[in-house]
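Engineer:
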Amino acid sequence: MSQCNLGEPWRVQMNADIAAAAKEHPEIEVIFKDAQNDTLKQRAHVEELASAKVDVLFVSPKEAQPLTEPIGKAFDAGIPVLVLDRAVLGERYTTFIGADNKKIGRAAGEWIKKVLGGKGKVVELKGLMTSTPGQDRSAGFREAIAGSEIEIAFEADMKWLEPEARKEMDSALARLPKIDLVYAHNDPGAHGAYLAARAAGREKEMKFVGIDALPHEGVSYVEQGILDATFQYPTGGREAVETALRILKGEPVPKTITLGSRRFTKEDVKKGGEIIE
Amino acid sequence: MSETPQSLETPAPRSPGKPGAWHHASLARALFSLALVLALGVLFPAEGAFFRLGTHQGALRQASVVGILACGLLPVILAGGIDLSVGSVLGLSAVVAAKLSIHAGEPAWLSVLLVLGMGAACGAASGSVVAFARVQPFVATLAMMVFARGLAKTTSGGTKVATAVPGPDGVLRYVEVPPLFRALDAQVLGGHVAAVTLVFLAIAAIVGVVCARHRLGRYLYAVGGNEEAARLSGVPVRATKILAYVISGVCAAAAGICQAAQEQQGDPEAGVTYELTAIAMVVIGGTSLKGGRGGMGLTLLGVLTIGYLDKILSINAVPEASRLMLTGAIVIVAAVAQKNT
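For the record, the sequence lines run as chains W and R. Position one of the first sequence corresponds to residue 1 (UniProt numbering), numbered consecutively onward. Position one of the second sequence corresponds to residue 1 (UniProt numbering), numbered consecutively onward.
See the structure below:
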């Protein structure tokens, strides 16, 4: 398993999910490599694992272009390659497993439209807008609420960071006398917004919605009543191990597996959330 | 509060130049930068948000954590050094404080003492490398910056140390943040001032008095003004440098505790690039990066200037890209204003 970096909690979770799923199958062993966000280091890791003739290669690439060639070479050498989360160019891999940020943003937008009854003032705390997940989570959301009377009354880039989210939310609170809901592109952002609203004594006035639903983060916030909903951005770790097992058994596998997402709200969080289409 | 030593009881060289005249000119320029930023707020009040009390309380609260870092950097910069590690030490401290008090359930006062001690140790390590091994401060503290960030990630396992604690069975259970953390995140004095702002002001007062009135302060100016002359006049140059970095490390640890209390978690990524903002605060205030000139009063003006600029851009919902350019432009204007001092 070549992971592009372990600086992001979500990627730590992906490795943990792979390790947990692999533990249930004593016949497989997973070797983890962390490229520390360095494209060339990841390229070396892929080549190293390929020349060690591993049975299945998992790669969550940092960037498409520079990793297409080493991944393709491993694939050409007969090693099944599962590409996780971020895609590579062309067709020289076995299966791509990933989630669709735009779809998740749209699902969040649909749910928000429903709970607000189609109208209200919303604050959007965006992830880093130079990153594709930020752009997609925003675009999907806006698509879903288009045509309704929901107004994005304040929007800011919080760069995926909780302190930034709290700061921007402070400003939204200073400007807007009434806020119905905060949509943050990740759970730390929603949590930061909640802390800002609570400090201003206004947390009861509005709902808080986040994305990612890591067990110790978003899901825990929903259970504690801090967030009203979080939408899972699945890591695909378990699916990757299951697909690898099918490959090892000689079964056919699809070229692309788009991961479904779950919605966690106060009502269903104890039951493990609700699957969204 | 005096910005430069007025009298010397021990034989130590005076700081170069004319302290009185320099001080007034520099103060005027720092005030000019702050006025410039406040004028922006008056021109773009964001539907009146700028004129509301809450906005100003928020600006002070948000500037406090980086402000604490700036307070710690001041003695280092006065002594002619620099400390790039403060943001990383902040992150490490946030993680360790959360690990001890949220996950391990140790009393908060104990975690505060241990974390402050750890910050002092980080500072002492950087300071010793600078003073004894004669490694350039930039390099020595760059090494500490990378090392402390790595240690923060190792200690936390790469994830945030939050209120969901995994038990031995792997099942998550939820724990309360210690009361001390809650208190640090509260509004005090009738709900008007954030507790972290008081912490910041208290630290500023202590470091300010040390720099302006204490013998160590005179040594700092002397070492930063002319190290060789200071050594010849009997100033303990090495001890002075090490103590400056220890103050910086302790302040970074205090800032980390405040950050963890406000986030209710220890984030191993906390404080990334904060060192640059803190250095900008000290320099915009008019403290010279060459050492030997500056003071706490000016640093406070620098903290307010950057803090208000941040707040004004935020309440106006200025897009991130334009914010970066505007901040760069204002820093240049402030730096040019300070240049001839």
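Idealized CB from N, CA, C, for every residue including glycine.
1) What residues in its chain sit with their C-beta under 6 angstroms from that of Gly123/R, if we drop five residues either side in the sequence?
2) Can you pull the chain W neighbours of Tyr174/R, defined as C-beta to C-beta under 9 angstroms?
3) Which value, in whole angstroms, describes the spacing of the CA atoms of Met145/R and Val65/R?
4) Ignoring anything shorter than 3 residues, give me the beta strand (DSSP E) runs that lie fully in the region 66-123 of chain W, in order along the chain.
5) If the cut is a Cβ gap below 8 angstroms, which residues of chain W does Ser314/R touch?
6) Using a Cβ cut-off of 9 angstroms (strictly closer), state whether Gly286/R contacts chain W.
7) Using the beta-carbon of each residue, which ones in chain R are nearer than 7 angstroms to Leu6/W?
8) May I ask you to report which of helix, strand or coil DSSP gives Asp55/W?
9) So with CB distances below 9 angstroms, who are the chain B contacts of Ala317/R?
10) Among residues of its own chain, excluding the 5 on either side of Thr55/R, which ones have a beta-carbon nearer than 7 angstroms to its beta-carbon?
11) Less than 9 angstroms separating the beta-carbons of Lys207/W and Asp170/W?
12) Since Leu114/R and Leu100/R should fall inside the 8 angstroms C-beta cutoff, what is the C-beta to C-beta distance between them, to a whole number of angstroms?
13) Suppose contacts are defined by Cβ-Cβ distances below 9 angstroms. Is Val54/W in contact with Ile71/W by that definition?
14) For Gly170/R, is the classification buried or exposed, using 16 other Cβ atoms within 10 angstroms of its Cβ as the cut-off for buried?
15) In chain order, what residues of the region 39-70 of chain R put their CB closer than 7 angstroms to some CB of chain W?
16) Below 8 angstroms, can you find three or more Cβ-Cβ pairs linking the region 5-19 of chain W to the region 236-250 of chain W?
17) Can you list, in chain order, the residues of its chain with a C-beta nearer than 6 angstroms to that of Met281/R? Leave out the 5 residues immediately preceding and following it.
18) Kindly say whether Asp310/R, judged by its beta-carbon, lies nearer than 9 angstroms to any beta-carbon of chain W.
19) Whose Cβ in chain W lies nearer than 7 angstroms to the Cβ of Asp169/R?
20) Give the DSSP-derived three-state secondary structure of Thr4/R in the structure shown.
21) Where residue 342/R and Thr163/R are concerned, what is the direct C-alpha to C-alpha distance, given to the nearest angstrom?
22) Could you check which residue in Ala229/W, His191/W and Lys178/W has the C-alpha nearest to that of Glu205/W?
23) Need the endpoints of the alpha helix (DSSP H) that Thr299/R sits in, please.
24) Closer than 8 angstroms: is that where the CB of Lys249/W sits relative to any heavy atom of the ligand FAD?
25) Quick one: measure Cβ to Cβ for residue 304/W and Arg262/W, integer angstroms, because I've assumed they're closer than 8 angstroms.
26) Leu173/W to Gly224/R, Cα distance in whole Å?
27) Report yes if the C-beta distance between Glu162/W and His191/W is below 9 angstroms; otherwise report no.
28) Can the beta-carbon of Ile284/R be found less than 9 angstroms from the beta-carbon of Val235/R?
29) Expressed to the nearest angstrom, what Euclidean distance is found between the alpha-carbon atoms of Leu31/R and Ala222/R?
30) Are the C-beta of Glu275/R and some C-beta of chain W separated by less than 9 angstroms?
31) For Asp187/W, I'd like the list of residues in its chain whose CB is within less than 8 angstroms of its CB, leaving aside the five on either flank, ordered along the chain.
32) Is there a Cβ of chain W sitting closer than 9 angstroms to that of Lys99/R, yes or no?
33) For Phe51/R, does the count of other Cβ atoms within 10 angstroms reach 16, so buried, or fall short, so exposed?
34) What does Tyr183/W pair with, by DSSP beta-bridge criteria?
35) Closest to Ser85/R by C-alpha separation, out of Gly150/R, Leu43/R, Ala186/R and Gly105/R, would be which residue?
36) With a threshold of 9 angstroms between beta carbons, is Leu125/W in contact with chain R?
Structural biologist: Concretely, from the data shown:
1) Tyr245, Val246, Ser248 and Gly249.
2) Chain W residues near Tyr174/R: Ser220, Glu223 and Gln224.
3) Approximately 18 angstroms between the Cα atoms of the pair.
4) Counting only runs of 3 or more, we get 81-84 and 95-98.
5) Result: Ala156, Lys167, Glu168, Asp170 and Ser171.
6) Taking Cβ atoms only, chain W never reaches closer than 9 angstroms to Gly286/R, which makes this a no.
7) Those within 7 angstroms of Leu6/W in chain R are Gly158.
8) The three-state reading of DSSP puts Asp55/W in coil, since its state is none of H, G, I, E or B.
9) Here the protein chains are W and R, and chain B is not one of them.
10) Answer for Thr55/R: Ala49, Lys311 and Ile315, listed in chain order.
11) The answer is no: Cβ separation not under 9 angstroms.
12) Contact annotation, Leu114/R with Leu100/R: C-beta distance approximately 7 angstroms; criterion of less than 8 angstroms satisfied.
13) Cβ distance not < 9 angstroms, so Val54/W and Ile71/W don't count as in contact.
14) Only exposed fits Gly170/R, as fewer than 16 other CB atoms lie within 10 angstroms of its CB.
15) Of all residues in the region 39-70 of chain R, those with a C-beta nearer than 7 angstroms to a C-beta of chain W are Ala46, Glu47, Ala49, Arg52, Gly54, Thr55, Gly58 and Gln62, reading in chain order.
16) With a cut-off of 8 angstroms on Cβ pairs, the region 5-19 of chain W is in contact with the region 236-250 of chain W, counting three or more such pairs.
17) Cβ neighbours of Met281/R beyond the five flanking positions: Ala70, Gly302, Val303 and Ile306.
18) Residue contact check for Asp310/R against chain W: a CB pair falls below 9 angstroms.
19) Result: empty, since nearest Cβ-Cβ is about 14 angstroms, beyond 7 angstroms.
20) Only weak support is given to the placement of Thr4/R: the predicted model assigns it a pLDDT of 48, under 50, and the value that follows is read from those uncertain coordinates. DSSP places Thr4/R in the coil class of the three-state scheme, outside both helix and strand.
21) This structure cannot settle anything about residue 342/R, because the visible part of chain R is limited to 1 through 341.
22) Ranked by Cα distance from Glu205/W, the first of Ala229/W, His191/W and Lys178/W is Lys178/W.
23) For Thr299/R, the enclosing alpha helix (DSSP H) begins and ends at Met296 to Ile315.
24) What this structure holds is no ligand at all, so the ligand FAD is not there to describe.
25) Nothing about residue 304/W can be reported from this structure: the residues present for chain W run from 1 to 277 only.
26) Rounded to whole angstroms, Leu173/W to Gly224/R spans 45 angstroms at the Cα level.
27) With contacts defined as CB atoms closer than 9 angstroms, Glu162/W and His191/W qualify as a contacting pair.
28) The answer is no: Cβ separation not under 9 angstroms.
29) Roughly 26 angstroms separates the two Cα atoms.
30) Chain W contact via Cβ: absent.
31) For Asp187/W, where only same-chain residues beyond five positions count, the Cβ hits under 8 angstroms are Gly210, Ile211, Asp212, Ala213, Leu214, Glu217, Gly218, Tyr221, Leu227 and Thr230.
32) No, Lys99/R lies away from the interface with chain W (no Cβ there is under 9 angstroms from its Cβ).
33) Classification for Phe51/R: exposed.
34) In DSSP, Tyr183/W forms a bridge with Glu124/W and Val209/W.
35) When only C-alpha atoms are compared, the closest one is Gly150/R.
36) With its beta carbon at least 9 angstroms from every one in chain R, Leu125/W lies outside the interface.
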